[in-house]
Each structure stands twice: as C-alpha cells, then as structure tokens.
Amino acid sequence: MTLPEDFLKNMSLVVPRKEFEAFVKALADDQQTTSIRFNRAKFSAEEAKLHFGDTAQVGWCEEGLYLDHRPQFTLDPLLHAGAYYVQEASSMFVSHVIRHLVDQPVFCLDLCAAPGGKTTAAISALPQGSQLVSNEIDRRRARILAENITKWGSPDVTVTSNAPKDFKPLRHVFNLVITDVPCSGEGMFRKDEGAVADWSLAKVKECATLQHSIINDIWDCLKPGGLLIYSTCTFNVDEDEHMVDYICQELGGMALEVPVAEEWNIHKPLIGNAPCYRFMPHFTKGEGLFMAVIRKDEGKSLPCKAMKATKYKRSKEFLNNWVNAEVVLEQNKNGVITAIPLNHVPLHDAVANSGLFVLQSGVELGTVKGKDIIPSHNLALSNILSKEAFPNVEVSFDVALDYLRRMAIVLPPDSPTGYVLLTYRGLPIGFVKNLGSRCNNIYPQEWRIRNL
5 MTLPEDFLKN MSLVVPRKEF EAFVKALADD QQTTSIRFNR AKFSAEEAKL HFGDTAQVGW
65 CEEGLYLDHR PQFTLDPLLH AGAYYVQEAS SMFVSHVIRH LVDQPVFCLD LCAAPGGKTT
125 AAISALPQGS QLVSNEIDRR RARILAENIT KWGSPDVTVT SNAPKDFKPL RHVFNLVITD
185 VPCSGEGMFR KDEGAVADWS LAKVKECATL QHSIINDIWD CLKPGGLLIY STCTFNVDED
245 EHMVDYICQE LGGMALEVPV AEEWNIHKPL IGNAPCYRFM PHFTKGEGLF MAVIRKDEGK
305 SLPCKAMKAT KYKRSKEFLN NWVNAEVVLE QNKNGVITAI PLNHVPLHDA VANSGLFVLQ
365 SGVELGTVKG KDIIPSHNLA LSNILSKEAF PNVEVSFDVA LDYLRRMAIV LPPDSPTGYV
425 LLTYRGLPIG FVKNLGSRCN NIYPQEWRIR NL
C-alpha cells in the first residue's frame with residue numbers, strides 16, 4: 005500500500021517522532037483482526053467461546069471477543085438469530101464509555117448509526133429501561149440498520165432516516181447523543197484500499213466542515229448536563245482534537261475523562277490536553293478510532309412540544325399471549341399490528357409528533373389477513389416474544405440454512421400444523437406455516453441468503 009504523501013506529512017507533525025515509523029509500518033500491514041460482540045440477551049459468554057473456539061477478550065468490552073480466524077459469518081444461523089454482531093474491536097469502546105458514565109435509564113440518540121454496531125453496543129451497555137432512537141440519513145443503509153437492530157431483539161428502539169437538522173423539534177429530549185460522524189476514513193486505510201484512493205486534503209476539510217454542521221444541528225437536542233459521544237475512524241487532528249476544542253469552547257461543553265487500563269494501549273491525544281481516546285494501529289489491536297465524551301453545560305431544560313401524547317387511535321385488539329412485556333398496540337391501515345413497550349411510548353410518540361421519517365418503532369407483531377394474523381419475523385427475533393405462544397420446532401444446520409435462503413422446507417411428520425416457530429440451537433430464527441406436506445417459508449424476501 006502506498007500512503008498519500010500529504011497524509012504522511014500531516015501525521016508526521018503530530019505523531020511523536022519516536023512512534024512515527026512504527027505508525028506508518030502498522031498502517032502498511034494488511035494483517036487484520038476479526039472480532040465479534042455477543043448478545044447477552046440471547047447468547048452467553050460460555051456459548052460464544054464454545055461456538056467460536058479459540059478466542060481472546062476485548063479488554064474494553066465485556067461482550068467482545070477476538071477470533072483467531074474469520075468464519076463464513078453469512079452461513080451461521082446464529083448470526084441471523086442475533087446471537088452476536090461482527091464488529092471491529094476499537095468501535096466496541098463505546099460500551100465501556102457508556103457503562104462508566106451512564107448509571108440511570110436515559111433517552112439516547114445514535115445519530116449516524118448504520119450499520120448498527122454502536123446502537124447494538126449501546127443497547128447492551130445502557131441501564132435497563134433506557135430508550136433509543138437510531139438514525140441513518142441514507143435510506144438504503146437505514147434499512148440495513150433496521151435489519152440489524154431487529155436481529156438484536158430489543159423492543160426499545162425507534163429507527164429513523166433523517167438529516168441531523170430534522171431532529172431540531174426534539175429539543176432537550178436526549179440525555180445521551182452518539183455521533184460517529186462521517187469522516188475521511190484514515191483509520192480504515194489498511195482495511196479498505198478504497199479509503200486510500202478516496203483520501204485528499206480537500207476531503208479532510210470537507211469532512212471537518214460537515215462535522216461542525218452536524219454537531220451544531222444536534223446540540224440543542226441534548227439536555228443540559230447530557231453527554232455527547234463524538235467519534236471518528238480517522239487520525240488527523242482537524243477532525244478529532246480540533247472538533248473537541250470547538251465543542252468545548254464554542255458550544256459550552258466539557259470533555260470528560262474515562263478510566264482505561266494501561267494494557268489496552270489506548271493512545272493519548274496528539275495535541276492539546278482535552279481527554280480523548282485514540283486507537284492507533286501501532287499501539288492497539290484494532291483499526292483506527294478517535295473518541296471523546298463531552299458533557300453539555302448544566303442549565304434550564306426547556307419543554308419539548310413534541311413530547312405531548314399522540315392522539316392516534318391504538319388497537320383495542322390485545323395479543324398479550326404473544327409477548328412477555330406490557331405493551332400498547334397500534335394497527336395501521338394495512339393491517340400491521342405493532343407492539344410499543346409502555347416505557348417506550350413517550351419517546352415513540354415524541355418521534356411520531358416531530359415529523360421524522362420512521363422506518364420502525366417497537367416490535368411488529370403480525371399482519372391481519374381476513375380472520376388470520378400472520379406473525380411477523382420481527383416478533384420471532386424479539387426479546388419480548390413469548391416462545392410458548394407458538395409451537396417450537398428445533399431444526400438442523402442444513403434446514404436452518406435452507407430456511408434462511410427462503411427455500412421450501414419440510415418438517416418432521418409429527419410437527420404441528422399452522423404457524424410454527426423454528427429454532428436453531430434453542431434460538432428462534434423465524435416462522436413458517438406448516439401445511440403438513442410442506443411449509444410456507446415466510447422469512448423476509450429481502451433478507452434471504454443469496455449465495456452459499
């Protein structure tokens with residue numbers, strides 16, 4: 005790999021001289037690490053280690069594991085069941101930050117969330133009762149985000165697809181805002197050669213301008229005293245330390261320290277004294293990441309008009325035997341019934357009242373078709389599913405793969421007919437309608453595995 009000359013010149017001015025050669029050498033090394041973060045709601049640490057074989061703990065993430073090889077994840081039914089998420093180890097640091105600084109249930113916004121790594125990490129790290137809005141401006145990527153959040157299983161997430169400025173009606177609503185902002189991608193150089201080809205000084209300047217705009221647009225959504233997690237996957241100080249200085253000096257924030265273990269080898273700031281955390285390839289086992297946590301000044305929290313109760317009619321049809329949580333039900337004009345957990349209703353309604361484009365909120369239970377209700381795949385993967393509400397049939401690896409490919413499958417002759425919940429190694433992977441001689445495979449068409 006040939007690194008851009010302007011990049012090397014810029015970094016030589018800020019990386020300590022005694023480290024610079026090792027930094028450049030590490031960037032040119034194409035050896036990559038593979039890591040996963042398991043889902044405690046579906047998969048234990050023991051099960052994860054047994055499933056993957058030789059693993060090592062990611063120091064800053066309780067659920068993070070380094071693998072000694074890269075499996076064919078697409079062909080693992082447990083991935084599709086939401087048992088784990090494939091995530092670069094450095095990005096898991098957000099879970100450590102949240103666990104250290106957040107000790108009460110919060111309203112959280114993950115602003116630039118696709119494909120879902122930091123949102124699912126936040127779900128696992130936040131105190132029980134916390135509620136999230138996970139946003140991605142690009143609609144195609146937002147659908148991938150919604151898929152990954154559905155697989156993770158939490159009912160307390162609303163997925164939106166909007167520009168940062170669209171959140172202005174939600175003034176002083178969020179206690180925590182995660183901004184993994186678009187950046188020049190220098191931390192991805194050894195992982196993605198396209199990032200090298202795409203880099204330029206002009207792009208760095210363009211990204212820094214965009215980052216200022218994003219933070220300015222979203223700052224009022226943060227409650228006084230709330231926390232902003234600012235991160236990039238780039239190394240230059242214009243998009244990193246200089247942005248932290250701007251937020252602190254111009255917007256009234258204060259950068260907070262987070263305890264880190266010496267053996268994690270997290271790098272200090274390259275300039276200035278504001279606490280921030282750098283994952284550098286010559287120091288840390290992982291790709292490039294910059295992260296800082298900034299507390300907004302205390303002050304008077306203004307009421308948000310969008311927090312008023314929504315006046316739409318909620319369905320009177322309760323399917324409480326399908327779920328194991330207290331919910332309210334909504335039914336749209338197409339017959340789709342969605343369950344909103346009671347504690348998620350205020351944030352769900354605030355988003356509904358603010359004019360944001362919502363892809364999904366709560367858990368889709370099913371669709372009314374005549375006298376029948378077809379159970380939704382979202383319900384199958386949700387943590388609020390009552391598995392006892394449906395007959396369960398455990399399937400083999402081969403049958404599970406056929407199901408995930410949306411192939412025709414046949415269950416054992418003694419299997420019950422009607423809607424059946426398929427499980428693989430005890431975890432739900434989806435519904436079929438068993439007709440006896442064959443099954444109607446109702447796995448989502450757009451999610452199917454296309455190639456083996």
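All residue numbers for the sequence shown refer to the numbering used here, where the first residue is 5 and numbers rise by one.
Note that beta-carbon positions come from the ideal geometry of N, C-alpha and C, so glycine has one too.
Comparing alpha carbon positions, the residue from V90, V18, F361 and E302 closest to A146 is F361. The C-beta separation of H84 from I433 comes to about 6 Å, placing the pair in contact by the 8 Å criterion. Only residues of its own chain outside the window of five on either side were considered, and among them A52, K53, L69, Y70, L71 and D72 have a CB closer than 8 Å to the CB of T59, listed in chain order. With distances taken between CA atoms, L405 lies nearest to R452 out of R452, L385, S386 and I377. For F178, no alpha helix (DSSP H) run applies; the uninterrupted beta strand (DSSP E) run containing it begins and ends at F178 to D184, by DSSP. Collapsing the DSSP output to three states places K304 in coil.
Residue environment analysis places E197 among the exposed positions, since fewer than 16 neighbouring C-beta atoms fall within 10 angstroms of its C-beta.
When DSSP states are grouped into helix, strand and coil, P345 belongs to the strand group. Assignment of beta strand (DSSP E) within the segment 252-295, counting only whole runs of 3 or more residues, yields 257-260 and 281-283 in chain order. Of the other Cβ atoms in all chains shown, 16 or more fall within 10 Å of the Cβ of F97; this residue is therefore buried. G121 counts as buried, since at least 16 other C-beta atoms from the protein chains shown sit within 10 angstroms of its C-beta. Closest in alpha carbon position to T162, among N444, K375, A356 and L385, is A356.
Taking every protein chain shown into account, the CB of I275 has fewer than 16 other CB atoms within 10 angstroms, so this residue is exposed. Straight across, the Cα-Cα distance linking S16 with M192 is about 18 Å. One Cα belongs to L439, the other to P307, and the distance between them is close to 54 Å. Our two residues, W64 and W268, have alpha carbons roughly 7 Å apart in a direct line. The three-state secondary structure of C225, taken from DSSP, is helix. Judged by their CB atoms, V181 and I222 are nearer to each other than the 7 Å cut-off. Short of 6 Å from the beta carbon of F77, and not among the five residues preceding or following it, lie these beta carbons of its own chain, in chain order: L83 and V90. With a threshold of 16 other beta carbon atoms within 10 Å, K337 falls short and is exposed. Within a 10 Å sphere around the beta-carbon of F401 sit fewer than 16 other beta-carbons, which makes this residue exposed. The alpha carbon of N166 has as its nearest neighbour, out of V436, R175 and N139, the alpha carbon of N139. Excluding its 5 nearest sequence neighbours in each direction, A212 has C-beta neighbours in its own chain below 8 Å: D242, E243, H246 and M247, listed in chain order. In this structure C112 does not touch S94 by the C-beta definition: roughly 20 Å separates them, more than the 8 Å allowed. Bounds of the beta strand (DSSP E) holding T164 are V161 to T164. Distance from Q364 to R410 at the Cβ level is roughly 21 Å; contact not present, criterion being Cβ atoms closer than 8 Å.
Counting other Cβ atoms within 10 Å of its Cβ, Q132 stays below 16 and is therefore classed as exposed.
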